[in-house]
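Here is the structure we will look at.
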Amino acid sequence: MEIRPILASLRKHRIPAILIVLEIALACAVLCNAVFMIGQRVVDIHRSNAIDERGIGVITVDGSDPKMASSDIPRNLGRLRGIAGVQAVAVTNTVPLSNNNWGWAFGATPDSRFNDAVNISAYFLSEGGDKALGLQLLQGRFFSSDEYADSKRGSMPLVDTHVVIITQSLAERMWPGQPALGKVLYSKPLAYTVVGVVADVLRPFVNSQKAWYSTFFPLSPDGALSYYVVRSAPQDRDRVVRQAQQTLSELNPIAVVKGHSYTDIRERYFANMSSMAWMLVLVCVVMLAVTAFGIVGLTSFWVQQRRRQIGIRRAVGATRGHIMQYFQAENFLLSTAGVVIGMGLAFGINLYLMQHYEMERMPWYYLPGGAIALWLIGQFAVFGPARRAAAVPPVVATRSA
Amino acid sequence: MFDYYLGLALRSLRRNKVLTALMIVTLGLGIGASITTLTVLRLLSGDPLPQKSARLFYAQVDPYTKDGYEAGKTKPQRLIAYTDAMNLLHAHQADRQVALALTDARIAPLRSGEHPFFSDGVMTTADFFTMFDAPFQYGGGWSAADDESRAQVVVISDFLNDKLFGGASSVGRIIRVNDHDLRIIGVLKKWAPQPRFYAQELGGRSYGDGDAVFLPLQTARAANMDPTNDDCWAVADITKLETAPCIWLGFWVELSSDAEVAAYTQFLSNYAQQQIALGRFYRPEVALSDLMQWLRNEKVVPDDVRLQAGLAFGFLLICVVNTVGLLLAKCLRRSQEIGVRRALGAMRREIFAQFMVEAGMVGLAGGLLGLVFAEFGLWCIRHQPAEYAGLAHLDVHMFLLTFLVALVSSLVAGLLPAWRASQLAPGSQLKAA
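Protein sequences appear in the order of chains A and B.
Here the first sequence is numbered in this note's numbering, starting from 1 and rising by one per residue.
Here the second sequence is numbered in this note's numbering, starting from 1001 and rising by one per residue.
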């Protein structure tokens, strides 16, 4: 295919050509960044969480008398175990993605505080908490009955024990490349020895890369424990949650009792993010449609303007295919110019967003991805007008204008 | 002359319905998206107390230790400790001063058989209502003496009053909050400043409903009500937050002149120095930000909302470029008509005006359609899970802005095609015809 006549013709119609290039460039820049943002959100929404999300229900009991915890909690747990279909129950101080964070900072050496300490989230579990949550042990062991029974909290922010189970991500952060078992987490004057490492569990409140810095401590019945976790087969879950909520509400009349399946908790946590992602998808689709229609409009006009030239070309021997190819090649050239500028623009916007927002660097493959999308859109949009051009009969050449 | 252009424009727009519709829809989509996102952005970055925000200041001092401290670099903590709140409160160095924290208040039902429920509560001090212009429907707030004597009183919101007492004056009635009987001394009118500036850093949401109960700080603490957010710098008994090494209060002052602001900043610095001398503090940094500055520091407007607005304007730009192209196509197709008009004596200026009128009409139609899209967009946002969702409504300003944006974008889009049209030489067009 000869390119020079196309270039010559484009030079004559400089302004429409520039407009198409500009539109494609802008669309490419916005598309790359929007798709990247969608991708990031999809990754965030699907963060792994190594608990039995589908089988767990969570019932919160707020406002019961903390002084009665030592008798209330065993009684509540006992009644929950009696519900048909319940496989395991326990009570914790919070659950992943509940937005109720119990945070603390730990270091790897006895003196570390603030400077080199790592912010973590603490989960306090009553006996059987590992089974109720469905934690996945990778190394070491879960807590023993004695460790649960001996651990008290009183009015302290952390518990009075010497053992801790941590997630794999936290183990790698604290002691990169070393086995974590037997190592000690320090926060003066407290020290906890790592007895187990579990697969990554999300924190109650997730941000950036530190989403999985979770720790688990044993705790005997205590006022801090107010999230009852009931585990059952997924098909029994909703009924179990309803029954558990009713049971706990009858047992604790002065408390506010609410039950949810864990999948609901997770969905609610990410609801904002997913609606933002859908909005971005909508913008991308509408924007591509607008761009496509713009190309259709301008090319149609072009075809109409050049009916005579097309007729002459047909009269001197060009086939319909040649004419089609001509417009397709022309669009390809314009799209190429557009996406080259667009990729630069997309990169620039990404840099700007990185400076002003919590945005990561866009991986390189988004750029050719956006380029290919716009090439396809361009070819798709030009198809109709090009076919109409190809349908121009040679006889047009003989008529005046 | 304008009438004539209008007529010409109408005729021309009607002649090419598909192209016209395409232009109007494109522009309408771009404008709809921009106005929707701009409305939300404006709403979220608004001034919660426009009549007063310039006189309200958020004070910060830093009781943290030398751990992690870098002189000159470390900003003061965003909350303060109880001891400092009380010291600053009792110093009376500002026109008014308020310490506050948020809490979950468990409210017992009035009738037996119903369940207790949690409501958002504010534990604060006497000046809260006058300082933040919270209006009363019935009764009033409490006094500084009530603060000190831990008076068993409470102020409730209009919506709690409606829920519990059917909207009648409940002043003098008793409600049971966290198992303590409190006497209602005031009922607020509807009061929910947006953003919820006073809730920042205290563990509350930034937008949405107002709080339901307001209690004297010491009364609430005596009833074992805990702040929603606290931050401790050492292991300690967290039931005794008054003496624990923890920060959990926000502190606001009202100052009426620049001189007072300077004086108060100096007072805070002196206070920090004095506490360093006493061995309580290590860090001398203090801060005093006016309300709007504090909201900016807090980055209260979610990043997503600003990204959406940016994206929408990017989209509008694409729509404008698209409209330029389509208008150009339309007007170049009419070269002959232009040639005839020019030959009959129309000036370049007149051709230009004619095409600008046409562009303006497309803009107005696009604006009208944009308004429909914006209303639809805002309706969608109201059904989103975001905490600000219920607030998203189009106001008069945004209504007018819609047409301004529409007209400006269409006229900008029309400039190039109209200029090109006016530059056509009459001769060549006539000859070709």
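We put the beta carbon where it would ideally sit given N, CA and C, even for glycine.
Remember, predicted model here, so these are calculated numbers, not experimental data.
Residue i versus the options, residue with shortest Cα-Cα distance
i, options, result
"B/Y1138", "B/M1123, B/S1119, B/F1117 and B/G1172", "B/G1172"
"A/E2", "A/T161, A/L19, A/C28 and A/Q328", "A/Q328"
"A/V290", "A/S261, A/P218, A/F332 and A/I377", "A/I377"
"A/T167", "A/S48, A/Q87 and A/R4", "A/S48"
"B/L1044", "B/Q1308, B/L1369 and B/N1161", "B/Q1308"
"B/Q1266", "B/V1286, B/P1302, B/A1425 and B/L1079", "B/V1286"
"B/F1251", "B/A1329, B/A1359, B/V1098 and B/D1181", "B/V1098"
"B/V1396", "B/L1371, B/S1335 and B/K1075", "B/L1371"
"A/G384", "A/G338, A/T398 and A/V303", "A/V303"
"B/F1214", "B/F1129, B/F1197 and B/A1359", "B/F1129"
"A/D264", "A/G128, A/G57 and A/A389", "A/G57"
"B/S1206", "B/A1389, B/D1062, B/L1327 and B/D1181", "B/A1389"
"B/V984", "B/R1280, B/V1018 and B/Y1198", "Any property of residue 984 of chain B remains undetermined from this structure, which presents chain B solely from 1001 to 1433."
"B/T1219", "B/L1278, B/L1160, B/S1143 and B/R1042", "B/S1143"
"A/S71", "A/N252, A/N93 and A/V296", "A/N252"
Test item: CB-CB of residue i and residue j under 9 Å
i, j, result
"A/L464", "A/I24", "For chain A, the structure presents residues 1 to 401; residue 464 of chain A sits outside this window and is missing."
"A/A90", "A/F216", "no"
"B/G1032", "B/F1373", "yes"
"B/D1104", "A/D62", "yes"
"A/V395", "A/I323", "no"
"B/Q1077", "B/I1276", "no"
"A/G223", "A/R242", "no"
"B/N1178", "B/N1224", "yes"
"B/T1124", "B/P1216", "yes"
"B/L1401", "B/M1356", "no"
"A/P96", "A/L202", "yes"
"A/L138", "A/D130", "no"
Per-residue DSSP class, three states only, for residue i
i, result
"B/W1379", "helix"
"A/Q309", "helix"
"B/F1117", "strand"
"B/G1032", "helix"
"A/T94", "coil"
"B/D1231", "strand"
"A/N119", "strand"
"A/K152", "strand"
"A/G321", "helix"
"A/V201", "coil"
"B/K1189", "coil"
"B/R1221", "helix"
"A/G294", "helix"
"B/A1433", "Reliability of the predicted coordinates at B/A1433 is poor, the pLDDT of 46 falling under 50, and no value is obtained from them."
"B/K1240", "coil"
"B/T1124", "strand"
"B/Y1005", "helix"
"B/Y1264", "helix"
"B/G1310", "helix"
"B/P1063", "coil"
Residue i burial status per 10 Å Cβ neighbour count (16 or more: buried)
i, result
"B/A1259", "exposed"
"B/I1381", "buried"
"A/L26", "buried"
"B/Q1060", "buried"
"B/A1091", "exposed"
"B/E1148", "exposed"
"A/I165", "buried"
"A/E250", "exposed"
"A/R14", "exposed"
"A/T193", "exposed"
"B/K1189", "exposed"
"B/I1174", "exposed"
"B/D1158", "buried"
"A/Y365", "exposed"
Residue i: CB within 8 Å of a non-hydrogen atom of the ligand MG
i, result
"A/S169", "Of the ligands one can find in the structure shown there are none, so the ligand MG has no counterpart to examine."
3 or more residues per run - each beta strand (DSSP E) lying fully within the segment 51-104 of chain A: 56-62 and 86-92
Whole runs of the alpha helix (DSSP H) within the segment 129-192 of chain A, excluding any shorter than 4 residues: 129-133, 145-150 and 168-174
Would you mind listing the beta strand (DSSP E) stretches within the segment 1070-1120 of chain B that are 3+ residues and don't spill past its ends, in chain order? 1096-1107
Identify every run of the alpha helix (DSSP H) within the segment 227-303 of chain A, keeping only runs that are complete inside it and at least 4 residues long; order them along the chain. 237-251 and 262-269
Give, in chain order, every unbroken run of the alpha helix (DSSP H) that is at least 4 residues long and sits entirely within the segment 3-51 of chain A. Counting only unbroken stretches of 4 or more residues, the alpha helix (DSSP H) elements lying wholly within the segment 3-51 of chain A are 4-12 and 14-45, in sequence order.
Which runs of the alpha helix (DSSP H) fall wholly inside the segment 1335-1404 of chain B and span at least 4 residues, in chain order? 1335-1343 and 1348-1382
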